[in-house]
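Trainee:
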Amino acid sequence: MKKSLIVLAFIVVGIQFIPVERSNPPITGEINAPSNIKAILKKSCYDCHSNETHYAWYAYVAPVSFLVAKDVNNGRRSLNFSEWNKYDKEKREKILEVIMKEVNQGTMPLSIYTLVHPSAKLDPLKIKTLSDWVNKRGGMGKTLRQEKLRK
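In our numbering, the protein residues as written are 19 to 169.
1. Evaluate the contact criterion for the region 70 to 84 versus the region 108 to 126: three or more CB pairs, one atom per stretch, below 8 Å.
2. In whole angstroms, give me the CA-to-CA distance for Trp8 and Val152.
3. I need the DSSP call for Glu108, collapsed to helix, strand or coil.
4. Are Asp89 and Ala138 closer than 9 Å when you measure CB to CB?
5. Pick out whichever of Asn69, Ser100, Ser22 and Ser129 has its Cα sitting closest to the Cα of Ala51.
6. Hey, how far is the Cα of Thr132 from the Cα of Leu140?
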């Protein structure tokens, strides 16, 4: 038992030396949204979906650091608000559609993230605010209205 604990301690200490990529590349474009919408997105989405990630202390402690890096890299690959200008209009509309679908289903922000960052949770008022803004933008609103009419 004592040897097992010593081995485990060496492993835990040893993995701290495995480098993890934690970068914030330059911002090349921003989403054009009112300040209240940007505030919601920054609070609930930007840590994983932008180049403005705030890495908390636990993001520097393995093995949690591996999970954080993976989630941020995956998040940026699927949507990066700091590179919004790289998406064409059709892609932007599709992204907004996916955002609203995932927000309404409660799958975003990730529950593991909101567990540690409770202020990132989207309450019904924030969800409605986002939804109203997306609907006013055009393409997504038509999609939502058409779906409601079909039901």
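Even glycine gets a Cβ: it sits at the ideal position worked out from N, Cα and C. Remember, it's a predicted structure, so these values are computed and weren't measured experimentally.
Mentor: Looking at the atomic coordinates:
1. no
2. Past the edges of the chain, shown from 19 to 169, lies residue 8, and the structure says nothing about it.
3. helix
4. no
5. Ser100
6. 9 Å
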